[in-house]
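Residue numbers (the working numbering), protein chains in the order written: chain A, 2 to 207; chain B, 2 to 207. Heads up, the beta-carbon is just placed ideally off N, CA and C, and yes, glycines get one too. Quick caveat: nothing in here was measured; it's all calculated off a predicted structure. Only one structure is covered here, and it is reproduced in the block below.
There are 2 protein chains.
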Amino acid sequence: MSSGWDDRIKSTRTRIEAACLETFEARGFDQVSVEELAIIAGVGRRTFFRYFPAKADAVFGELDDQLARFRAELADAPAGGDPAVHVAAALLCVNSYRNEEFATLARRMELIARVPALQAHAARRFSSFRQVASDFARQRAAALGTGSALYAAAVGTLSVAAVEVGYDAWVADGGASDPRPYLRAALDLVLGGLVLGGPGGVRALG
Amino acid sequence: MSSGWDDRIKSTRTRIEAACLETFEARGFDQVSVEELAIIAGVGRRTFFRYFPAKADAVFGELDDQLARFRAELADAPAGGDPAVHVAAALLCVNSYRNEEFATLARRMELIARVPALQAHAARRFSSFRQVASDFARQRAAALGTGSALYAAAVGTLSVAAVEVGYDAWVADGGASDPRPYLRAALDLVLGGLVLGGPGGVRALG
DNA sequence: GCGACGATGGCACGCGGTGTCATCGTCTGA
DNA sequence: TCAGACGATGACACCGCGTGCCATCGTCGC
Chain A
2 MSSGWDDRIK STRTRIEAAC LETFEARGFD QVSVEELAII AGVGRRTFFR YFPAKADAVF
62 GELDDQLARF RAELADAPAG GDPAVHVAAA LLCVNSYRNE EFATLARRME LIARVPALQA
122 HAARRFSSFR QVASDFARQR AAALGTGSAL YAAAVGTLSV AAVEVGYDAW VADGGASDPR
182 PYLRAALDLV LGGLVLGGPG GVRALG
Chain B
2 MSSGWDDRIK STRTRIEAAC LETFEARGFD QVSVEELAII AGVGRRTFFR YFPAKADAVF
62 GELDDQLARF RAELADAPAG GDPAVHVAAA LLCVNSYRNE EFATLARRME LIARVPALQA
122 HAARRFSSFR QVASDFARQR AAALGTGSAL YAAAVGTLSV AAVEVGYDAW VADGGASDPR
182 PYLRAALDLV LGGLVLGGPG GVRALG
């Protein structure tokens, strides 16, 4: 511990994250082993897994904080109004970042969008959001005397999916600006319906 | 090869699938190793991976056939009309099963819905459907002079997500009847919008 | 009867993820 | 100042998934 102490001002976790982001971009997620990542980050292999339960988790940020904020945001939503709209608003709120964070966020999201293994992992990581949103929608819809199990599940799954769509579009556009307009556009699409030219009718099929 | 020959009237692939379904339901996906599954199915471990590239793939049926049918269905879609509606119709068509298949399909879908590892795998397996649907939507929307990259991506991602929602609801209801009404309900939701009481307005947010 | 060929399975390897234990620096109380 | 507690670390061993390689065997055509 003689030299290298000042390097550790950046905590171990941050160092691992940075090493992963860098190396994944340069050589591809599947082409780098955890052993190598650990060496690059100056850490033992075992320590890597202490900070991130899976290799893929090093790319996803602090989702636990986000989930807590999401719950809180939904709990604070006014009693009236459409459940799906509340969920969309909460998702937008949770996905607020400072300008300095845009660049890193874009790198994360681009990796997630491009690497199949990370997309698969995203399904796991985002499932809690789906669950929370679905529970919220079920309760609120029941209070309004409407809704069904399918409706509640749809609100959770489709809203979260819309966020992913929004981020993909944001990344494809360079990911330099605030991503929220993209998320909002995707959420508006899921709230208002995919049918072109505005709400053409729920009976669009057949 | 003395005895056991008649058992092999069911092809190796089918035998492995059956063994997996059975054992996963009984003991849980993560609790059974491929080695054990191979023994149960009466094949070598190596043979298992020759038939299914991953342990999780034994639960998903013949998706390649479905994907081909999906492409064909979209190609045959009439020139006019809403792209998302065409996609929804094609998805419904591709998910047509005979009555005798309902039971097995329900068992598969229940496993997929309940096991996180299988949900994650579903994201990989269904990504080709997303891609095909998005490409279709992009081209058709461009031909209509409308649409955007985000719109096309949304059509693919959200439509496929709606199918998953529909299957979840179907499974939750027992999975005894035709699943298509559930898929149709979920697809109608994504086509017409999540906002309760019908299309209330695309500007629902804020 | 003899190669060709496809299906099979054994073997070894790399890698992801986990449990266990030893080590080391720091912090605290005597 | 020293002893012990505690958290962070890392070394090691282990299991399971997935893959490449090669030997084997049954079948088919010649």
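Practice problem: Specify the secondary structure class of Tyr98/B as computed by DSSP and reduced to three states. | Solution: coil
Quiz item: Using a Cβ cut-off of 9 Å, which residues of the stretch 105-126 of chain B contact any Cβ in chain A, in chain order?
Solution: Pro117, Ala118, Gln120, Ala121, His122, Ala123, Ala124, Arg125
Self-check item: Other residues of its chain near Thr24/A: CB distance less than 8 Å, five sequence neighbours each side excluded
Solution: Val33, Glu37, Leu38, Ile41
Quiz prompt | Members of the stretch 180-197 of chain B near chain A, C-beta cut-off 8 Å | solution = Tyr183, Arg185, Ala186, Ala187, Leu188, Asp189, Leu190, Val191, Leu192, Gly193, Gly194, Leu195, Val196, Leu197
Quiz item: Between the stretch 79-95 of chain B and the stretch 81-93 of chain A, do three or more beta carbon pairs fall short of 8 Å?
Solution: no
Quiz item: Taking 8 Å as the CB-CB limit, is Ser4/B close to chain A?
Solution: Per-residue confidence for Ser4/B stands at a pLDDT of 33, beneath the threshold of 50, marking its modelled position as unreliable; the derived number appears in the next sentence. By this cut-off, Ser4/B is not an interface position.
Practice problem: Specify, as a first and last residue, the run of the alpha helix (DSSP H) that Phe137/B falls within. | Solution: 128-144
Exercise. Report yes if the C-beta distance between Arg141/A and Pro84/A is below 8 Å; otherwise report no.
Key: yes
Exercise. Look at the alpha carbon of Ala138/A and the alpha carbon of Glu18/A, and state the distance between them as a whole number of angstroms.
Key: 35 Å
Exercise. Assign Thr158/B to buried or exposed, taking buried as 16 or more other Cβ atoms, counted over all protein chains shown, within 10 Å of its Cβ.
Key: buried
Quiz item: Mind checking Tyr98/B: buried by the 16 CB within 10 Å criterion, or exposed?
Solution: exposed
Quiz item: Quick one: does Asp83/B have its CB under 8 Å from some CB of chain A?
Solution: yes
Exercise. Using only alpha-carbon positions, find the residue among Ala114/A, Arg70/A, Pro182/A, Ser12/A that is nearest to Arg52/A.
Key: A small correction: the amino acid at residue 52/A is Tyr; Arg does not occupy that position in the sequence shown. The candidate whose alpha carbon is nearest that of Tyr52/A is Ser12/A.
Quiz item: Counting only beta-carbon atoms, is Leu75/B nearer than 8 Å to chain A?
Solution: no
Quiz item: Does any residue of chain B bring its CB to less than 8 Å from the CB of Asp7/A?
Solution: In this predicted model, Asp7/A has a pLDDT of only 37, less than 50, meaning its place in the structure is not dependable; the value taken from the coordinates is given anyway. With 8 Å as the cut-off, Asp7/A does not count as an interface residue toward chain B.
Quiz prompt | Supposed close pair Ala177/B, Phe127/B - CB separation, criterion 8 Å | solution = Rounded, the Cβ-Cβ distance is 24 Å, inconsistent with contact.
Quiz item: What's the gap between the Cα of Glu101/A and the Cα of Ala73/A?
Solution: 25 Å
Practice problem: Would you check whether the ligand COA has a heavy atom nearer than 7 Å to the C-beta of Ser149/A? | Solution: You won't find the ligand COA in this model; it holds no ligand whatsoever.
Quiz item: Alpha carbon to alpha carbon, how far is Ala163/B from Gly45/A?
Solution: 43 Å
Quiz prompt | Residue interval of the alpha helix (DSSP H) (run including Pro180/B) | solution = Looking at the DSSP string, Pro180/B is not in any alpha helix (DSSP H), and its letter there is neither H nor E.
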